[in-house]
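Inspection log for the structure reproduced underneath, given as structure tokens.
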Amino acid sequence: MTTSSFYSRFERHSHGEGLKGHATHYCPGCGHGLAHKYLAEAIDELGIQDRTVAVSPVGCSVFLYYYFDVGNTQAAHGRAPAVAIGHKLANPESIVVSYQGDGDLASIGLAEIVSTAQLGIPISVVFVNNAIYGMTGGQMAPTTLMGQRTATSPDGRSAFMGQPTKMAELISGLDGPVYVERVALFNAKQRNRAKKAIRKALQIQVEGRGFAFVEVLAECPTHLKATPEEAEKWVEEQMLPVFPLGVKKDEVREPWWPTHRPTYDRETVLKTIGGGEEHAPRACKGFPSHVARHDISLKLAGSGGDGAQTAAMLIVRAGINEGFDATHIPAYGPESRGGTSYADVHVADTEVLSPASPKPNVLIAFNAPSLVKFGPDVLPGGTIIYDSSVIHELQPFRAGVKVVGVPMAEIAVGLGKAMVKNIVALGALQAVTEIFPKETFLTAIRQALKDKCALIPLNEEAFAWGIKAVQQVEVA
Amino acid sequence: MPATKERPKPFVLPEFCKGCGRCISACPKHCISEGTEINPRTGLVPVVLNLEHCNGCGLCIDACPEPYGLRETPVDQDYELLDPEKLFGSRMTDAPEPVDHPDEAVPLAQMEPLVLKGNYASAVGALLAGCRHFFGYPITPSTEGAELMAKLLPKLDGVFLQAVSEVAAVNMMYGCGGAGMRCMTFTSSPGFSLMLEGISYMIGSEVPGVFVDVMRGGPGLGNIAPEQADIKLACRGLGHGNTHAIVLVPSTPQEMLDLTMLAFDLAFKYRNPVVVLSDGYLGQMTGKVTLPAQMVKPGIPAWAVWGDREHRRNLMSSIYLSEPDLEAWNVHLNEKYEAMKVEQRADLFLCDDAEVVLVACNTPSRMAKGAVEALRAQGIKAGLFRPMTLFPFPIDSLKPVLSHARRLVVVEASNGQLEDEVKLALANAGVRDYPEIEHVRHFGGVLPQLEEIVVKVAAGEEVTV
């Protein structure tokens with residue numbers, strides 16, 4: 001019988017020339033060949049050759065793709081599980097095998113294998129542990145035994161170099177995997193078990209039940225400086241006490257892996273991104289050049305939670321609805337809440353050129369430090385609006401700057417929701433500067449709250465109070 | 477008693493046996509022994525079979541590590557033991573030759589402009605470009621892009637996956653892009669550094685993917701304010717090896733959308749990663765964003781390792797063991813980098829008669845544009861040359877500008893990384909005659925400001941303000 005999951009000729013092995021067309025690159029007696037063979041047989045038996053994608057690692061098995069007549073990807077050192085995730089998520093119906101050695105999986109790729117195992121995505125990992133780095137020439141592996149001599153532990157692995165890593169136990173300790181087993185190849189009985197374990201790991205994936213991991217204790221006669229027969233014996237006698245064989249985890253989980261494909265339906269996409277053809281009504285007669293000729297620069301400053309950014313966004317939305325260009329840039333302190341929160345806003349008749357507001361035409365200050373910090377930067381002819389319920393002392397500002405105090409927080413609390421003080425501020429901004437008509441602000445507010453309609457009346461009220469407060473101040 | 481079927485006995489082609497002897501200990505009937513004769517074609521000593529006592533148990537075959545080593549003797553079949561081609565077939569595979577399933581452009585009606593943050597605009601652009609797979613790791617100031625993808629992709633039956641690190645994220649892209657899907661990530665400078673290894677593999681294996689790098693202050697942890705200090709990485713340092721990728725540089729939220737969409741097209745056109753190099757200011761900046769006239773419904777390219785019969789013969793790999801093979805591969809990649817030169821893009825503002833040419837990209841180009849207007853108001857013939865691609869550098873549109881430029885001023889938020897690209901582009905194009913380059917530079921999150929650009933330029937001009 002021909003194992004159809006192997007290529008009929010290994011053309012990728014030195015262009016398939018001569019004997020290399022049908023022989024592996026592995027040293028005589030290497031365990032990799034057996035693991036390959038059992039994997040190929042399992043793929044055949046399950047009838048999944050067309051669906052299979054094999055991820056080759058870095059190490060001796062870097063050339064896995066020479067041999068397997070399946071979809072092939074060669075990954076960077078240690079990253080095979082991440083690459084496997086990419087394939088599995090791209091086509092959930094593919095059967096993805098991450099084939100890795102001990103350096104690849106247990107050393108440089110620890111983060112990838114542990115996180116992938118914990119994700120529990122149905123991929124199958126074949127982990128070949130031969131306790132040594134083969135391809136680079138016999139250096140110490142994370143699974144090298146204590147006392148074992150290698151090129152980088154010439155006097156034997158010592159305590160200083162750490163203990164061998166027991167991957168099957170480590171992986172089985174995670175919640176994600178459904179099946180973890182350690183098998184070996186040193187006699188006919190173990191080979192039979194190895195074969196079954198690899199098949200089972202694939203079967204679990206075919207059924208969409210989860211992450212499966214098979215650790216295969218394998219022989220590296222070359223770097224053990226032993227005959228294949230001695231190497232088999234070494235695995236049995238030396239490795240087994242450290243790496244006990246057997247099933248480490250075998251949970252029956254119901255098939256859960258979804259195989260749906262993404263949608264590209266136009267209406268769904270547009271709804272998702274919020275695209276619409278509806279025009280917002282325009283209320284402006286022209287660009288508010290009484291505030292600034294072509295480009296109005298505003299700064300809103302307070303602490304996190306004051307709503308400076310939301311108010312800034314509403315100004316931008318209002319400006320864009322009116323057919324102007326507008327930009328907003330936030331600046332926060334390092335804290336998630338309670339730190340400083342500044343917003344630079346520009347509204348320009350054609351194009352905002354410089355989006356920062358180091359010298360604003362309008363400053364809205366929600367607290368005293370913000371007023372102290374930015375008040376002196378406001379340009380002559382500009383406007384400062386501050387929350388007079390929390391700011392009681394004013395420093396001198398530039399000549400020609402209009403300063404208006406509005407008890408924003410007080411009004412908002414009176415309305416039953418301290419959060420709307422930024423909307424009170426917008427009302428005040430409208431009343432003091434007349435940057436846009438009231439209707440423009442209200443449209444922007446309604447748009448922003450289109451998914452929270454219940455909040456619209458409260459916000460409209462807050463906006464009206466902001467206007468009223470300015471009128472009262474101006475009368476006074 | 478059920479009829480017993482005679483089990484096939486093993487045979488071995490001496491050329492394919494490495495003589496390891498694992499079959500010897502596996503045989504309970506002691507039918508196999510170590511050979512004594514060196515095979516003249518392999519230099520190895522194959523085992524010798526004496527099948528007198530063989531009961532066809534097959535244990536020796538299970539013990540043989542070679543795919544075409546010990547095999548079952550074909551029953552009822554005409555075979556020629558000494559002719560591997562006859563035995564195993566002359567072709568590598570019976571998988572079919574894959575064909576392209578092309579992308580489809582889906583027209584969109586004219587929409588009202590959206591009000592979007594730069595990072596959001598880029599994410600929306602990705603969705604419109606047919607991207608349904610996102611892999612990333614949160615990092616300020618790029619995170620909003622990832623957050624929006626996390627929110628929207630499930631609604632489109634797409635996948636958002638937060639990886640264990642940027643290193644893992646880029647390799648997920650390698651897998652997903654290798655499967656022919658349009659995938660992307662949002663990251664910022666320290667995260668981009670971590671992704672470089674994977675980008676080198678993607679380039680080496682010709683895997684497309686889009687990287688939006690929202691540049692922040694460095695080196696090291698730096699800060700989360702805007703810088704342009706990844707220009708050298710994106711243009712000259714995409715991991716090890718002879719790598720290059722198209723580098724797009726937006727300067728408005730609108731361009732964040734447009735250039736992200738373009739990035740996907742170019743990534744698949746050239747089978748190569750594409751970098752959208754943004755900055756912290758632009759990522760956070762909200763502005764007007766008009767939706768494009770069409771969106772993309774992607775197909776599956778012929779080269780994809782998709783995981784079905786049609787794509788079974790495909791391979792993603794960057795390893796070429798033989799030196800001539802790897803040289804040929806590099807020649808191929810370099811030809812591709814050369815071909816990318818047609819993708820040069822630049823925006824020229826008042827450059828037609830400009831005597832003082834400012835060069836700037838990303839957010840600093842907005843300040844520079846404001847400065848040009850201010851300088852023109854002073855009677856100084858200033859103009860702005862704004863590259864929209866840094867690789868390839870838009871040298872073809874810079875050259876004509878140089879014919880009347882007395883001064884060249886590079887405005888940037890880095891230690892001359894943009895200036896280096898300008899100089900290199902000039903040198904590579906054989907341009908020797910150009911004014912000494914002046915600059916306005918800032919680092920650490922401080923951006924060049926409009927006024928200082930004006931002051932710098934005006935100081936060198938004989939104009940009284």
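Residue numbers (our numbering), protein chains in the order written: chain A, 1 to 476; chain B, 477 to 941.
Backbone N, C-alpha and C fix where the C-beta goes; we use that ideal spot for every residue, glycine too.
Neighbour flag for residue i against chain A, beta carbons, 8 Å
i	result
B:GLY532	no
B:ALA602	no
B:TYR677	yes
B:VAL488	no
B:SER727	no
B:SER873	no
B:PRO589	yes
B:PRO924	no
DSSP three-state assignment for residue i, whether helix, strand or coil
i	result
A:CYS60	helix
A:GLN74	strand
A:MET1	Residue placement at A:MET1 cannot be trusted, given a pLDDT of 45 that sits under 50; the coordinates are not used to answer.
B:VAL521	coil
A:PRO221	helix
B:ARG883	strand
A:LEU39	helix
A:ILE108	helix
A:GLU45	helix
A:LYS402	strand
B:GLN950	In the structure as shown, chain B starts at 477 and stops at 941, and residue 950 of chain B therefore has no counterpart that could be examined.
A:PRO457	helix
A:VAL242	helix
B:SER447	No answer is possible for residue 447 of chain B: the residues shown for chain B start at 477 and end at 941.
A:ILE435	coil
A:PHE441	helix
B:MET625	helix
A:PRO228	helix
A:ALA194	helix
A:PRO369	helix
Beta bridge counterpart(s) of residue i as assigned by DSSP
i	result
A:GLU236	Beta-bridge pairing links A:GLU236 to no other residue.
B:CYS659	B:HIS609
A:GLN139	A:TYR133
B:ASP755	B:MET691
B:LEU860	B:PHE825, B:LEU834
A:TYR179	A:ALA212, A:ASP250
Residue-level contact to chain B via CB, residue i, 8 Å cutoff
i	result
A:TYR67	yes
A:GLY120	no
A:PRO457	no
A:SER115	yes
A:MET1	Only weak support exists for where A:MET1 lies, its pLDDT of 45 falling under 50; the coordinates are left without a value.
A:ASN91	yes
A:THR440	no
A:GLY86	yes
A:GLN148	no
A:TRP465	no
A:HIS260	yes
Beta-carbon separation (whole angstroms), residue i vs residue j, contact threshold 8 Å
i	j	result
A:MET239	A:LEU217	5 Å
B:GLY653	B:LYS773	The Cβ separation is near 18 Å, so there is no contact.
B:ALA710	B:LEU866	7 Å
B:LYS857	B:VAL832	7 Å
B:TYR813	B:TRP805	Their Cβ separation, rounded to whole angstroms, is 13 Å, which puts B:TYR813 and B:TRP805 out of contact at 8 Å.
A:PRO57	A:ASP102	About 10 Å; that fails the 8 Å criterion.
A:ILE364	A:ILE385	5 Å
B:MET843	B:PRO924	6 Å
Mind checking the stretch 263-290 of chain A against chain B and listing, in chain order, the residues whose C-beta falls within less than 9 Å of any C-beta there? THR263, TYR264, ASP265, ARG266, THR268, VAL269, LEU270, LYS271, THR272, ILE273, GLY274, GLY275, GLY276, GLU277, GLU278, HIS279, ALA280
Tell me which residues of the stretch 12-37 of chain A have at least one Cβ-Cβ distance to chain B shorter than 9 Å, keeping chain order. ARG12, SER14, HIS15, GLY16, GLY18, LEU19, GLY21, HIS22, ALA23, THR24, TYR26, CYS27, PRO28, GLY29, CYS30, GLY31, HIS32, GLY33, LEU34, ALA35, HIS36, LYS37
Closer than 7 Å, Cβ to Cβ, to anything on chain A: give me those residues from the stretch 801-828 of chain B, in chain order. none
Identify each residue in the stretch 632-664 of chain B for which the Cβ-Cβ distance to at least one residue of chain A is less than 9 Å, and report them in chain order. LEU632, ASP633, GLY634, VAL635, LEU637, ALA639, VAL640, SER641, VAL643, ALA644, ALA645, VAL646, ASN647, MET648, MET649, TYR650, GLY651, CYS652, GLY653, GLY654, ALA655, GLY656, MET657, CYS659
In chain order, what residues of the stretch 774-788 of chain B put their CB closer than 8 Å to some CB of chain A? PRO774, VAL781, TRP782, GLY783, ASP784, ARG785, HIS787, ARG788
Report the residues of the stretch 498-513 of chain B with a CB closer than 7 Å to any CB of chain A, ordered along the chain. ARG498, SER501, ALA502
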